[in-house]
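Protein chains: 2
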Amino acid sequence: MIKVRIYTTGRCKERWLQEALAEYEKRLTGQMEIEWILDIQKITPPWIALDPNGELVSSPAKKLSKFGSRLNFLIGGPDGIEKNLLEKSAWIWSLSPLTFTHQMTRLILLEQLYRINAPSQYQK
Amino acid sequence: MIKVRIYTTGRCKERWLQEALAEYEKRLTGQMEIEWILDIQKITPPWIALDPNGELVSSPAKKLSKFGSRLNFLIGGPDGIEKNLLEKSAWIWSLSPLTFTHQMTRLILLEQLYRINAPSQYQK
């Protein structure tokens, strides 16, 4: 079981997003345990920062496997991630050079985690 | 008013995704008119193909503005876009080198169109 902690700011206001995140968490049951921590200052190393200027990869599985059974992700707020936290990241991963809302970033991250865990039965 | 036609395959089964797309279409009212066409063979040039191997850009606004007031987007199914249609594209745009479901691609596309149209009041 992989323990995933996602450090981010602000609650999800949109109902569709809450439903979407719940759906992916459900699909990940037994493979990954997702914990949301709404205080980015509580993060402990090593962590992976999600930032549009980070490294673009087509398959994150290999990179993520280096972190073993604990994955800490950091998603910044509307103004991105503060320099201090960005510099201390073990890896800066860019989901896309496009700017996404931090809420959309949560959804894309869960979808990618799900894709890594269930590639064979995954309905693209 | 910009007319956006999105050619894709298959309906959205997930309720949260239907809600999310409806929400973005509502926000785009008066600026963009979105039409979904569930038959990619009906597409007429010029069109923009969405493909992970296309061009990555951080701000698509300038690229898209070249197409004037009509934007035709092509989103492939689970097996991507057939070569024939990809080759005839006016532009191949990559939202990310990651593979997204075609359903997630719809949502990210609408979110980016909304971002282009409403950058000032946009709550990241």
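Here the protein sequences come in this chain order: A and B. Numbers 46 to 169, taken from my numbering, label the letters of the first sequence in order. Numbers 46 to 169, taken from my numbering, label the letters of the second sequence in order. Glycine is no exception: its CB is placed at the ideal position from the N, C-alpha and C atoms.
Contact set for residue i: own chain, Cβ-Cβ below 8 Å, skip 5 residues either direction
{"i": "B/Thr80", "result": "Here residue 80 of chain B turns out to be Glu, not Thr, going by the sequence shown. Same-chain partners within the cutoff: Lys48, Val49, Arg50, Ile51."}
{"i": "A/Trp61", "result": "none"}
{"i": "A/Lys169", "result": "Residue placement at A/Lys169 is poorly supported in this model, since its pLDDT is 42, which falls under 50; the coordinates still yield a value, given next. Closer than 8 Å at Cβ, skipping near neighbours: no residue."}
{"i": "A/Thr89", "result": "Asn117"}
Limits of the unbroken alpha helix (DSSP H) element including residue i
{"i": "A/Leu83", "result": "It is not in any alpha helix (DSSP H) - A/Leu83 carries neither H nor E in the DSSP assignment."}
{"i": "B/Leu155", "result": "147–162"}
{"i": "A/Lys128", "result": "128–132"}
Residue interval of the beta strand (DSSP E) (run including residue i)
{"i": "A/Ile137", "result": "136–139"}
Residue i classed as buried or exposed, judged by whether at least 16 other C-beta atoms fall within 10 angstroms
{"i": "B/Thr53", "result": "buried"}
{"i": "B/Thr150", "result": "buried"}
{"i": "A/Arg163", "result": "In the sequence as displayed, the identity of residue 163 of chain A is Ala instead of Arg. Exposed, because fewer than 16 other Cβ atoms sit within 10 Å of the Cβ of A/Ala163."}
{"i": "A/Ser134", "result": "buried"}
{"i": "A/Glu127", "result": "exposed"}
{"i": "A/Met46", "result": "exposed"}
{"i": "B/Leu83", "result": "exposed"}
{"i": "B/Asn98", "result": "exposed"}
{"i": "B/Asp96", "result": "buried"}
{"i": "B/Gln148", "result": "buried"}
{"i": "A/Asn117", "result": "buried"}
{"i": "B/Gln166", "result": "Because the pLDDT at B/Gln166 is just 49, under 50, the model does not fix this residue reliably, and the value given afterwards should be weighed accordingly. When all chains shown are included, B/Gln166 counts as exposed."}
{"i": "B/Ser141", "result": "buried"}
{"i": "A/Gly121", "result": "buried"}
{"i": "B/Gly55", "result": "exposed"}
Contacting residues, own chain, Cβ-Cβ under 6 Å from residue i (five flanking each side not counted)
{"i": "A/Ile161", "result": "Ala106"}
{"i": "B/Leu152", "result": "Ala65"}
{"i": "B/Gln63", "result": "Cys57"}
{"i": "A/Trp136", "result": "Ile93"}
{"i": "A/Ser114", "result": "Ile47"}
{"i": "A/Pro91", "result": "Ala135"}
{"i": "A/Gln76", "result": "Asn162"}
7 Å Cβ shell around residue i - same chain, five flanking residues per side excluded
{"i": "B/Tyr69", "result": "Leu155, Glu156, Tyr159"}
{"i": "A/Gly125", "result": "Asp96"}
{"i": "A/Ser139", "result": "Asp96, Pro97, Asn98, Gly99, Glu100, Leu101"}
{"i": "A/Leu73", "result": "Ile79, Leu158, Tyr159, Asn162"}
Item to check | Length-filtered (4 minimum) alpha helix (DSSP H) runs lying within the stretch 47–120 of chain A | outcome: 60–72, 106–110
Checklist entry - Closer than 9 Å, Cβ to any Cβ of chain A: which residues of the stretch 50–65 of chain B, in chain order? => result Flagged, chain order: Glu59, Arg60, Trp61, Leu62, Gln63, Glu64, Ala65.
Item to check | Contact residues within the stretch 100–120 of chain A, judged by C-beta distance below 9 Å to chain E | outcome: Reference to chain E is not applicable here, since the protein chains of this structure are A and B.
Item to check | Near-chain A residues of the stretch 127–148 of chain B - C-beta to any C-beta below 8 Å | outcome: Leu140, Ser141, Pro142, Leu143, Thr144, Phe145, Thr146, His147
Next on the checklist: To be precise: take each residue of the stretch 71–103 of chain A, compare its Cβ to all Cβ atoms of chain B, and keep it if any distance is under 8 Å. Which residues remain?
Outcome noted: Pro97, Leu101, Val102, Ser103
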